[in-house]
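**Q**
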């Protein structure tokens, strides 16, 4: 609007210096873009966020404190199966920091599969089922189990093992090559979380084999630079060694993965053909199927205790505020994260009964007292209900929006 005001003033000043014809053209040049902006269709997110939902209004009325960011993508399929996205954003900025928590496990799982494929092409005889352990492990596991733990129960130990397999330099190099902004620099919930040196890893075909089929030695990584983003200093204090530090908590050395990157990763997983080859994850067909199937499965489907890990344990959108079973026709391919009062979900959601599909990513911060590490976060009271309601509202919007109803069944 300041530009428009300035333009009007300038026109008054030059009115007597130009012909009516030139003035008319200048007027059209100035006014026509403003008309387009004012006449453009309203974002569905505005309709939803400023509706009569008390759950959503409670958050949006205090949006800055809650640091809400949302990306919603409508998916359009024509009769020939061609796909286009129509993206809508709310308060999204790559330069404003929020803590991504366990969502960083999503790209790390994909990059671990990518590295596995590269090693196989080099003749290294390992696969998803090859037994391995890091130097700090006492038991062997395999990559398939660790990735299932990541999506089933969001295991930090599983993520840390994949982090050792890749190393932070390789993780960030691969993300940059794919044009995915971010900086993944540390392990999760480990006393050596920021150690730049990875642990060595031993791979065996059979547990009783005396000789491993492959050994990955420790990797020396660079100490990452501090983040130079907005709002990396957070809150008014934090708990450290049972004492309250009365100063903001510094997040400048924490993992960074903006919402646009998470959303882009989800697009790459499900619609890789819409990206240049160098920006895709280099996965085999079986790897892609393994990831997409694992992402949508519930913890019980993956063999975890249903009494502890209910269907929506790791699925905030639509069902996060309920322990009821998720209907079979709703498939949620996603990865959530929560820590330090931040709740984030990134999902591709399919409703096979109603031929509905969409992409949704959102983050919210719930830390009313602005103290970190005190476990006083409003996850259940505000955060999860907001994300669940947001997912339901978007789903309802999709059910009623006019579109070409092509078959989305896979």
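In full-length UniProt numbering, the protein residues as written are 1 to 410. Glycine is no exception: its CB is placed at the ideal position from the N, C-alpha and C atoms. These numbers come from a predicted model, not from an experiment.
So what's residue 318 in DSSP terms, helix, strand or just coil?
**A** Coil at residue 318, not helix or strand.
**Q** Which whole-angstrom value describes the C-beta separation of residue 167 and residue 219, a residue pair presumed to lie in contact below a C-beta threshold of 8 Å?
**A** That pair is a contact at about 4 Å.
**Q** Tell me the DSSP secondary structure of residue 87 in three-state form.
**A** Residue 87: strand per DSSP, three-state reduction.
**Q** Measuring CA to CA, which of 99, 114, 148, 45 is closest to residue 314?
**A** The residue with the shortest Cα to Cα distance from residue 314 is 148.
**Q** Should the stretch 63-78 be regarded as contacting the stretch 355-369, the criterion being three or more beta carbon pairs within less than 8 Å?
**A** Contact holds: three or more Cβ-Cβ distances are below 8 Å.
**Q** Tell me which residues share the same chain as residue 89 and place their Cβ nearer than 6 Å to its Cβ, disregarding the 5 neighbours each side in the sequence.
**A** So the list reads 71, once near-sequence residues are dropped.
**Q** Name the residue from 389, 398, 399 whose alpha carbon lies nearest to the alpha carbon of residue 52.
**A** With distances taken between Cα atoms, residue 52 lies closest to 389.
**Q** For the alpha helix (DSSP H) containing residue 213, name the first residue and the last one.
**A** Note, residue 213: premise wrong, no alpha helix (DSSP H); not H, not E.
**Q** Let me make sure I understand the geometry here. Which of 129, 356, 118, 61 has the alpha-carbon closest to that of residue 174?
**A** Answer by Cα proximity: 118.
**Q** Please classify residue 328 as buried or exposed, where buried requires at least 16 neighbouring CB atoms within 10 angstroms.
**A** Burial call: exposed.
**Q** DSSP three-state call for residue 29: helix, strand or coil?
**A** Unreliable positioning characterises residue 29 in this predicted model, as indicated by a pLDDT of 44, which lies under 50. The coordinate reading is nonetheless provided below. Three-state DSSP puts residue 29 in a helix.
**Q** Thinking just about the alpha-carbon of each residue, which of 275, 96, 246 is nearest to the one in residue 231?
**A** Ranking 275, 96, 246 by Cα distance to residue 231 puts 96 first.
**Q** If we count the other Cβ atoms within 10 Å of its Cβ and call it buried at 16 or more, is residue 255 buried or exposed?
**A** By the neighbour-count rule (16 or more Cβ atoms within 10 Å), residue 255 is buried.
**Q** Counting C-beta neighbours from all protein chains within 10 Å, is the total for residue 378 16 or more, i.e. buried, or is it exposed?
**A** Residue 378 should be labelled buried.
**Q** What's the C-alpha gap between residue 153 and residue 222?
**A** In a straight line, the C-alpha of residue 153 is about 30 Å away from that of residue 222.
**Q** If you draw a straight line from the C-alpha of residue 199 to the C-alpha of residue 104, how long is it?
**A** Cα-Cα distance, rounded: 20 Å.
**Q** Among 282, 150, 80, which has the Cα closest to the Cα of residue 334?
**A** Cα-wise, what sits closest to residue 334 is 150.
**Q** Classify residue 81: buried if its beta carbon has 16 or more other beta carbons within 10 angstroms, exposed otherwise.
**A** With fewer than 16 Cβ atoms within 10 Å of its Cβ, residue 81 is classed as exposed.
**Q** Are the Cβ atoms of residue 398 and residue 336 separated by less than 8 Å?
**A** Cβ distance not < 8 Å, so residue 398 and residue 336 don't count as in contact.
**Q** Who are residue 240's beta bridge partners in DSSP?
**A** Note: residue 240 sits in a beta bridge opposite 243.
**Q** Check for me: the beta strand (DSSP E) holding residue 493 runs from which residue to which?
**A** Limits of the chain in this structure are 1 at one end and 410 at the other, which puts residue 493 out of reach.
**Q** If you draw a straight line from the alpha carbon of residue 271 to that of residue 77, how long is it in whole angstroms?
**A** Answer to the nearest angstrom: the Cα atoms are 12 Å apart.
**Q** When you compare each of 374, 57, 85 to residue 243 by their alpha carbons, which one comes out closest?
**A** Nearest option by C-alpha distance: 374.
**Q** Over what stretch of residues does the beta strand (DSSP E) that includes residue 204 continue unbroken?
**A** Its beta strand (DSSP E) spans residues 201-204.
**Q** Quick check on DSSP: helix, strand or coil for residue 160?
**A** Residue 160 falls in the helix class under three-state DSSP.
**Q** Just the Cα atoms here: how many angstroms apart are residue 391 and residue 346?
**A** Answer to the nearest angstrom: the Cα atoms are 11 Å apart.
**Q** Quick one: complete beta strand (DSSP E) runs, 3+ long, within the stretch 51-113?
**A** Counting whole runs of 3 or more residues, the stretch 51-113 contains the beta strand (DSSP E) stretches 69-77, 83-90.
**Q** With DSSP collapsed to three states, give me the class of residue 178.
**A** Coil, per DSSP.
**Q** Grab the span of the beta strand (DSSP E) containing residue 366 for me, first residue to last.
**A** First-last for residue 366: undefined, no H or E at that position.
**Q** Is the separation between the beta-carbon of residue 394 and that of residue 360 shorter than 8 Å?
**A** Their beta carbons are under 8 Å apart, which means residue 394 touches residue 360 by this criterion.
**Q** Leaving out five residues before and five after residue 275 in sequence, what residues of the same chain have Cβ atoms less than 7 Å from its Cβ?
**A** Same-chain partners within the cutoff: 268.
**Q** Given residue 322, which residues of its chain have a CB within under 8 Å of its CB, disregarding the five upstream and five downstream residues?
**A** Cβ neighbours of residue 322 beyond the five flanking positions: 312, 388.
**Q** Go through the stretch 116-169 residue by residue and report every complete run of the beta strand (DSSP E) that reaches 3 residues or more, in order.
**A** You should have 131-134.
**Q** How many angstroms separate the CA atom of residue 192 from the CA atom of residue 376?
**A** Taking the straight line joining both Cα atoms gives about 25 Å.
**Q** Can you look up residue 190 in the DSSP assignment and give me helix, strand or coil?
**A** It is coil, neither helix nor strand.
**Q** Pull the bridge partners of residue 357 from the DSSP assignment, please.
**A** Answer by DSSP bridge pairing, in chain order: 350.
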